[in-house]
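Q: Before anything else, here's the structure in question.
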Amino acid sequence: MKRIFVSLVAILLLTSCGNDQLILPNSVGAFGKVMVVTSNSNWEGDIGNEIRQSFGKLQVGLPQPEKTLSVSQVAANGFSSMMRNSRNIFIVEVSDKETMSVVNDKYSRPQTVVYITAKDKEGLLAMIKKHSNEIIDTFRESDINYLQRLFAKRKLDDSKYKTLQNLDISLTIPKDFRTVDDTGDFLWLRHHLKSGIAKGTGSNNILVYSLPLEDESTIADGIIAMRDAIGEKYIPGAKEGMYMITEEAYTPFTIETKVKDNKAFETRGKWEVKNDFMAGPFLNYAIVDKKNNRLLVIEGFTYAPSIDKRNFVMELEAIAKSVQIN
Numbered sequence: 070m071k072r073i074f075v076s077l078v079a080i081l082l083l084t085s086c087g088n089d090q091l092i093l094p095n096s097v098g099a100f101g102k103v104m105v106v107t108s109n110s111n112w113e114g115d116i117g118n119e120i121r122q123s124f125g126k127l128q129v130g131l132p133q134p135e136k137t138l139s140v141s142q143v144a145a146n147g148f149s150s151m152m153r154n155s156r157n158i159f160i161v162e163v164s165d166k167e168t169m170s171v172v173n174d175k176y177s178r179p180q181t182v183v184y185i186t187a188k189d190k191e192g193l194l195a196m197i198k199k200h201s202n203e204i205i206d207t208f209r210e211s212d213i214n215y216l217q218r219l220f221a222k223r224k225l226d227d228s229k230y231k232t233l234q235n236l237d238i239s240l241t242i243p244k245d246f247r248t249v250d251d252t253g254d255f256l257w258l259r260h261h262l263k264s265g266i267a268k269g270t271g272s273n274n275i276l277v278y279s280l281p282l283e284d285e286s287t288i289a290d291g292i293i294a295m296r297d298a299i300g301e302k303y304i305p306g307a308k309e310g311m312y313m314i315t316e317e318a319y320t321p322f323t324i325e326t327k328v329k330d331n332k333a334f335e336t337r338g339k340w341e342v343k344n345d346f347m348a349g350p351f352l353n354y355a356i357v358d359k360k361n362n363r364l365l366v367i368e369g370f371t372y373a374p375s376i377d378k379r380n381f382v383m384e385l386e387a388i389a390k391s392v393q394i395n
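Mapping the sequence shown onto this note's numbering, position 288 (from 1) lands on 357, and the numbers just tick up by one.
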């Protein structure tokens, strides 16, 4: 009898010491979407307007207007067990403290829940304005991590690519991608968008190459010339004299960032084929790899006429940010 009691206690202790995650349901919901839990009066007033305006800012570098994040709302009394399994949840509620906090895997996994609390509506509005960029970044990072986990489950064997081997790097690339070119210095992979997370026509493309690292202060200003030179050399159009360039009518947007703790420059803009009508968005990461004295470049570009492209570009972002420099 004593032995049975001890066993039961041990099982209870194990269950209470972190095994809850083993029984959490899988989260649901497409990436790029956030469920907002707040009262209807909040949602229909200034608080809802601020959330829609902040989350609904247009994503930079896309040909058509698309929101950074899409939002939907449910009141707290309608926040059912099924809705609690949503992947991205933003809870806005009155409390006796002003706080902004993030909880992972609370009701399901993977899941990100962001809380904003304050003593009244005015306080909630102020907190949302203060933390909006941080909140948006949190949900976008959640989406990137989610995509990388999905891609890892159906990852290409990247050891077969000469260019990746010569550069001594690895990437988490899903098996949908096929080789267009792999010279040893330049890699071009393409996924025809007929199935997968975001369905449509056209293609998603990944480019990988490196250049000698010279003056770091001139990198940002030289990214367009760099990618145009690569386009002319490696990415031809349908006829002679046609090749990929940066669209001249749209000024790309470049920011300094980090990729796997390395200084990097993220550039979003539009590409086009010179003397042709093909065009679309691109996302370029120029990574400062001081250890190997080089500028490592990973770029994604999308061709998907007549349909939204935000999610395609986010998939490319997840692949680029998965890079491991050996």
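Backbone N, C-alpha and C fix where the C-beta goes; we use that ideal spot for every residue, glycine too.
Check this for me: beta carbons of N380 and F100, under 8 Å apart or not?
A: If you number the sequence shown from 1, residue 380 lands on position 311. If you number the sequence shown from 1, residue 100 lands on position 31. It is a contact, given that the beta carbons lie within the stated cut-off.
Q: At what residues does the beta strand (DSSP E) containing A333 begin and finish?
A: The residue given as residue 333 occupies position 264 in the sequence shown. Unbroken beta strand (DSSP E) run through A333: N331 to V342.
Q: Looking at C-beta atoms only, is the number of pairs between the stretch 271 to 278 and the stretch 252 to 263 that lie closer than 8 Å three or more?
A: The stretch 271 to 278, when compared against the stretch 252 to 263, does touch it at the 8 Å Cβ threshold.
Q: For the pair the stretch 147 to 154 and the stretch 132 to 139, tell me if three or more CB-CB distances fall below 8 Å.
A: Taking 8 Å as the limit for Cβ pairs, the verdict is that the stretch 132 to 139 does not touch the stretch 147 to 154.
Q: By alpha-carbon positions, which one of K359, T323, E341 and G310 ends up nearest to D330?
A: As a position in the sequence shown, residue 330 is number 261, starting the count at 1. Closest option to D330, Cα to Cα, is K359.
Q: Give every residue of the same chain whose Cβ lies closer than 8 Å to the Cβ of Y215, excluding the five residues on either side of it in the sequence, and list them in chain order.
A: Position 146 of the sequence shown, counted from the first residue, corresponds to residue 215. So the qualifying residues of the chain are F100, R156 and P179.
Q: Just mark G369 as buried or exposed, buried being the case when its beta carbon has 16 or more other beta carbons within 10 Å.
A: By one-based count along the sequence shown, residue 369 stands at place 300. Buried is the call here.
Q: Pull up the CB-CB distance for V182 and I204, whole angstroms please, since I reckon it's below 8 Å.
A: Translated into the one-based positions of the sequence shown, residue 182 becomes position 113. Translated into the one-based positions of the sequence shown, residue 204 becomes position 135. With 8 Å as the limit, V182 and I204 do not qualify as a contact, their Cβ atoms being about 11 Å apart.
Q: DSSP three-state call for E386: helix, strand or coil?
A: Position 317 of the sequence shown, counted from the first residue, corresponds to residue 386. Of the three classes helix, strand and coil, the one that applies to E386 here is helix, per DSSP.
Q: Using DSSP with H/G/I as helix, E/B as strand and the rest coil, what is I304?
A: As a position in the sequence shown, residue 304 is number 235, starting the count at 1. Three-state DSSP puts I304 in coil, outside helix and strand.
Q: Going by DSSP, which residues form a beta bridge with K136?
A: As a working note, residue 136 is residue 67 in the sequence shown. BP columns for K136 point to L127.
Q: Could you compute how far the alpha carbon of V172 sits from the alpha carbon of A373?
A: Counting from 1 along the sequence shown, the entry for residue 172 is found at position 103. Counting from 1 along the sequence shown, the entry for residue 373 is found at position 304. For V172 and A373, the distance between alpha carbons rounds to 36 Å.
Q: So does the stretch 308 to 318 actually touch the stretch 326 to 345, counting three or more Cβ pairs closer than 8 Å?
A: The stretch 308 to 318 vs the stretch 326 to 345: in contact.
Q: Closer than 8 Å by C-beta to T232: which residues in its own chain qualify, once you throw out the five before and the five after it? Chain order, please.
A: Position 163 of the sequence shown, counted from the first residue, corresponds to residue 232. Closer than 8 Å at the Cβ level, and outside the excluded window around T232, lie D251, T252, G253, D254, F255, L256, V277 and Y278.
Q: How about V357 and L282: do their beta carbons lie closer than 8 Å?
A: Against the sequence shown, residue 357 aligns to sequence position 288. Against the sequence shown, residue 282 aligns to sequence position 213. Cβ atoms of V357 and L282: closer than 8 Å.
Q: Measure the alpha-carbon distance for Q128 versus E335 and round it to whole angstroms.
A: On the sequence shown, residue 128 is found 59 positions in, with the first residue counted as 1. On the sequence shown, residue 335 is found 266 positions in, with the first residue counted as 1. The straight-line gap from Cα to Cα measures roughly 14 Å.
Q: Let me know the alpha helix (DSSP H) ranges lying completely inside the stretch 167 to 222, each 4 residues or longer, listed in chain order.
A: Entirely contained in the stretch 167 to 222, the alpha helix (DSSP H) runs reaching 4 residues are, in chain order, 190 to 222.
Q: Mind checking which residues open and close the alpha helix (DSSP H) that includes T232?
A: Looking up residue 232 in the sequence shown gives position 163. First-last of the alpha helix (DSSP H) with T232: K231 to L236.
Q: Whole angstroms are fine: how far does the CA of K188 sit from the CA of E301?
A: Here residue 301 refers to the residue found at position 232 of the sequence shown. Here residue 188 refers to the residue found at position 119 of the sequence shown. The straight-line gap from Cα to Cα measures roughly 59 Å.
Q: What's the C-alpha gap between I185 and S170?
A: Against the sequence shown, residue 185 aligns to sequence position 116. Against the sequence shown, residue 170 aligns to sequence position 101. I185 and S170: Cα-Cα distance of roughly 7 Å.
Q: Please list, in chain order, all residues of the same chain as T107 whose beta carbon is under 6 Å from its beta carbon, the five residues on each side excluded.
A: What you label residue 107 is simply residue 38 of the sequence shown in a count that begins at 1. These residues qualify, in order along the chain: V161.
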